[in-house]
Each structure stands twice: as structure tokens, then as C-alpha cells.
Amino acid sequence: MQKLTIKNNPELPYAVEEALNRLRINISFLGKDIKKIMVVSTNPNEGKSFVAMQLWRQMAEAGTKSILIDADLRKSIMTEKYGMSLESGEKINGTSYVLANDIPFSNSLFHTDIADGDILPNSDNVVNPSMLLENQRFEELLDYTKDNYRYTFIDSPPLDLVSDGERIGSLCDGAILVVRGGVTSKSMVKHSVMQLERAGCPLLGIILNRVEGSKGGYYYKKYGGKYYGGHYGKYYSGDSYYYGKKKA
Ligand SMILES: Nc1ncnc2c1ncn2[C@@H]1O[C@H](COP(=O)(O)OP(=O)(O)OP(=O)(O)O)[C@@H](O)[C@H]1O
Ligand SMILES: [Mg+2]
Numbered sequence: 343m344q345k346l347t348i349k350n351n352p353e354l355p356y357a358v359e360e361a362l363n364r365l366r367i368n369i370s371f372l373g374k375d376i377k378k379i380m381v382v383s384t385n386p387n388e389g390k391s392f393v394a395m396q397l398w399r400q401m402a403e404a405g406t407k408s409i410l411i412d413a414d415l416r417k418s419i420m421t422e423k424y425g426m427s428l429e430s431g432e433k434i435n436g437t438s439y440v441l442a443n444d445i446p447f448s449n450s451l452f453h454t455d456i457a458d459g460d461i462l463p464n465s466d467n468v469v470n471p472s473m474l475l476e477n478q479r480f481e482e483l484l485d486y487t488k489d490n491y492r493y494t495f496i497d498s499p500p501l502d503l504v505s506d507g508e509r510i511g512s513l514c515d516g517a518i519l520v521v522r523g524g525v526t527s528k529s530m531v532k533h534s535v536m537q538l539e540r541a542g543c544p545l546l547g548i549i550l551n552r553v554e555g556s557k558g559g560y561y562y563k564k565y566g567g568k569y570y571g572g573h574y575g576k577y578y579s580g581d582s583y584y585y586g587k588k589k590a
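Its first residue numbered 343, the sequence shown is counted upward by one per residue in my numbering.
Shown next as C-alpha cells:
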């Protein structure tokens, strides 16, 4: 397995780090059957990739063997944004390559600087990835990671535009829905929840993300988000809220 270096790791404000830490702990309370977790949102730009990446990192740094799979095959920017490169200097052959070619999975995933954190970013975006996601091989990839990692976090495309998200959801044990505070409407969120239900993918929790400004917004009331704004001004914050049995 090749080693991949991640050059750009954002410094997170303490409150965001803490919110992610709570989310990580809550996930570990969900039980041993929850292994493949999709991180999804209704619209683009709500913070799926950010949350998936940070959650994976925290989980792995805590010593829980985890892999992050980038399943946004249309417009992933993960390798550029986080400055990813292979130690060998070779080109990264990411998710779409691995799904399109018949190579052993054990040879296709990448180690990182984090001992318990492996990764498969997507490096070549494709115009119509539905075929790749619908193919049996995608299911086999997730079966492989299920058997070899405690958690598989799957960074997904948004649910609104195409059916990719539902396909991914149908193969996962649960989804974390990232909602951009003050931007995504209640009816949009409801629709996404319905789509996940239709895919047979249990909703594990909702993250109120990218919250800015005042405390008065609707989402605070509805989803119980927490106000972190004070000490880091306009920066984003994240908080988690669990449905049903588990509550942050
Ligand atoms: N809680 C947060 N704290 C700091 N920055 C954040 C946070 N959430 C998102 N961001 C930033 O906001 C931008 C959009 O986030 P991100 O790329 O994760 O969204 P996305 O839902 O994956 O978008 P897309 O649908 O295009 O894949 C990025 O620059 C990301 O770094
Ligand atoms: Mg993304």
C-alpha cells in the first residue's frame, strides 16, 4: 500500500474541534453494526467533505482504524484542496480509477501519516459516474473496507441533483446529514431525509454546519445547534444533534 501525504491540514478553532470530538464519541455509541457511514447533504457546499475529512481524522487519531472514501466522482477537489501527493511521486489513482479497473483493493488504498487512517481520494472526475457507482465493484469496495476497517466514512455528492447519493446510501449502514445553517430550507432537509429513507439508509444524525452570525436562526430551534460564534467571530462552527436514542 502506498503512502499518501496530506500537506494542508486546517487549524480548527477549539469549538469546532470539540464539536467533532463529540460527534466521534456519539458515533462510537451507535454500536458495532454501524461501520459504513455516508456523509451527505442536500445541496453543494454545505460542508460534507470538511466534516467527512475531519471526522475520519479524529477517529483515526483516536486509534480507531478508519478509511475515508471520496465518492464524489463528479467534482471532487479533495486532492488539490488538502495538498495530497504520493510519497513515490506517482500520480494518485483515486476512486474512479479503482472502480473502473480490475485491481486488488488491498493495493488501491493509501496509508497516510496517521497510523490508523487510510484514504482513497478521487483524483479524476468523471462526467457520468452513475455507472461506476451502480456497478457491483463499488459494493465490493465497501465490503472490503467493512471487513478491514472499523469505520468507512464516505464523502458523497449532494442529494439534490443526481441519484448518486441514494445509490451510495443504499450500501451504507447510516448517513450523517450536513445542513448549512441559515441556508438550507426545512423542506429541502425533509426531502433529503425522505430520499435517505427511500434508499434504506438510516439517518444517524444531523450536523448544523457553517453557522455564522446571530443565535436567532430557525435551525437553532429546530435542530438544537449550539452557538459558538463569539470567540472566533464569523468563522464556521459545527455541532451535532442525534435523532432517536442517541443525543449529543
Ligand atoms: N465547519 C467548518 N469550519 C471551517 N470551514 C468549513 C466548515 N465547513 C465547511 N467549511 C469550508 O467550506 C467550504 C465548503 O465545504 P465543503 O467543500 O466541505 O462542502 P461540500 O458540501 O463537500 O461541497 P460540495 O458539494 O461542492 O462537495 C470549504 O472551503 C470548507 O473548507
Ligand atoms: Mg465535497
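Each residue gets a CB set at the ideal place from its N, CA and C atoms; glycine is no exception.
Cβ pair residue 426, residue 391 closer than 9 Å: By the CB criterion at 9 Å, residue 426 and residue 391 fall outside the cutoff.
Beta strand (DSSP E) segment containing residue 517, residue limits: It spans 516-522 - the beta strand (DSSP E) in which residue 517 sits, taken as one unbroken run.
Run of the beta strand (DSSP E) containing residue 551, from where it starts to where it stops: Where residue 551 is concerned, the enclosing beta strand (DSSP E) stretches over 545-551.
Cα-Cα separation between residue 536 and residue 384, rounded to whole angstroms: About 11 Å.
Touch test, the stretch 504-523 against the stretch 544-553, Cβ-Cβ under 8 Å, three pairs minimum: Enough Cβ pairs lie closer than 8 Å, so yes.
Per-residue burial, residue 516 [other beta carbons within 10 Å of its own, 16 or more giving buried]: Flag for residue 516 reads buried.
Contact check, residue 503 vs residue 484, beta carbons under 9 Å: Result no, Cβ atoms of residue 503 and residue 484 do not sit closer than 9 Å.
Test item: CB-CB of residue 463 and residue 408 under 9 Å: No. Outside cutoff.
Cβ-heavy atom distance, residue 538 to ligand 1, below 8 Å: For residue 538, the shortest separation between its Cβ and any heavy atom of ligand 1 does not lie below 8 Å.
Beta-carbon proximity check, residue 348 vs residue 458, cutoff 9 Å: Taking 9 Å as the Cβ cut-off, residue 348 and residue 458 do not qualify as a contacting pair.
Assigned exposure category for residue 412 - 16 Cβ within 10 Å defines buried: It counts as buried.
Residues near residue 466 in its chain [Cβ-Cβ closer than 7 Å; skip 5 each side]: Apart from sequence neighbours up to five positions away, the residues of its chain that approach residue 466 with a beta-carbon distance below 7 Å are 436, 438 and 439, ordered along the chain.
Beta-carbon contacts of residue 345 that lie in its chain and below 6 Å, excluding the five residues immediately before and after: Cβ neighbours of residue 345 beyond the five flanking positions: 429 and 453.
Terminal residues of the beta strand (DSSP E) in which residue 379 lies: Residues 378-383.
Inter-stretch contact at 8 Å, needing at least 3 Cβ pairs: the stretch 365-375 / the stretch 473-484: No, the stretch 365-375 is not in contact with the stretch 473-484.
Residue 388 burial status per 10 Å Cβ neighbour count (16 or more: buried): By the 16-neighbour rule on beta-carbons within 10 angstroms, residue 388 is buried.
Heavy atom of ligand 1 within 8 Å of residue 495 beta-carbon: Residue 495 Cβ: outside cutoff for every heavy atom of ligand 1.
Distance CB(residue 472)-CB(residue 505) smaller than 9 Å: In contact: residue 472 and residue 505 (Cβ atoms closer than 9 Å).
Residue 390 Cβ short of 8 Å to ligand 3 heavy atom set: Ligands present in the displayed structure are limited to ligand 1 and ligand 2, and ligand 3 is not among them.
Extent of the continuous alpha helix (DSSP H) run through residue 401: Taken as a continuous stretch (DSSP letters only), the alpha helix (DSSP H) holding residue 401 covers 390-403.
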